[in-house]
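Peer 1: Here you go, one structure.
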Amino acid sequence: AALSATAKDALQRAEEAGKLAKGKFLYEVTLTDNDVKFGFNKYNLSDEAKAALDAFAANVKKSNKNAYIEVQGHTDSIGSDKVNLGLGYKRAEQVMRYLSMEHGFPLHRMNVISYGEFKPIADNGAKDGRAQNRRVALVVME
């Protein structure tokens, strides 16, 4: 499967930080607003988001014990660049905190970054597109 640009970025960052033994991309999971309901300007985790993270955590524990995970926060394009970068970071941080506290994932095996509105996957001119852009991507590497 082709790596998304943001997954490539994640690998590069992890290698530069000396985090990876193998430097190998495993998979990427994206939680969009459609699935997990990151409301407009919100970063708290909904029940749907928690359920998706529970499933994600179980999968990682089963197959990739020593995985390194980059959590990437994204937003739609409404609002200033600065506000959106902060919001994307808060979304990613909530996900990382949940994985750590609820599933025991070690913090040193995770990293958080925000892309804000700068890496849309859908049209910000449409309501549905904005909902898809409000997302958190989990890039799993080893």
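For the sequence shown, my numbering assigns the number 43 to the initial residue and increments by one for each residue that follows.
Glycine included, each C-beta is placed from N, C-alpha and C at the ideal position.
Give the range of the beta strand (DSSP E) segment to which Y69 is assigned.
Peer 2: Here the beta strand (DSSP E) through Y69 covers F67 to T74.
Peer 1: Thinking C-beta only, is F80 closer than 7 Å to R176?
Peer 2: Yes, these two residues count as a Cβ contact at 7 Å.
Peer 1: Go ahead and pull the three-state DSSP assignment for S156.
Peer 2: Note: S156 maps to strand in three-state DSSP.
Peer 1: What residue range does the beta strand (DSSP E) around E112 cover?
Peer 2: Looking at the DSSP string, the run of the beta strand (DSSP E) that includes E112 is Y110 to H116.
Peer 1: Tell me, which residues are paired with M183 by DSSP?
Peer 2: Answer by DSSP bridge pairing, in chain order: F67 and Y110.
Peer 1: Is the beta carbon of A168 sitting closer than 7 Å to the one on T72?
Peer 2: In this structure, T72 does not lie closer than 7 Å to A168 by Cβ.
Peer 1: Please report the distance separating the alpha-carbon of F160 from that of S105.
Peer 2: Spanning the two alpha carbons is a distance of roughly 32 Å.
Peer 1: Looking only at its chain, what residues have a beta carbon closer than 7 Å to the beta carbon of Y110, apart from the 5 residues adjacent to it on each side?
Peer 2: Excluding residues within five positions, the ones whose Cβ falls inside 7 Å are A56, K61, L62, R151, M183 and E184.
Peer 1: So D77 and A100 are in contact, right, with Cβ under 8 Å, and what is the actual spacing, rounded?
Peer 2: Going by Cβ atoms, the distance from D77 to A100 rounds to 17 Å, so no, they are not a contact pair.
Peer 1: Is the Cβ-Cβ distance between T48 and Q114 less than 7 Å?
Peer 2: Cβ distance < 7 Å, so T48 and Q114 count as in contact.
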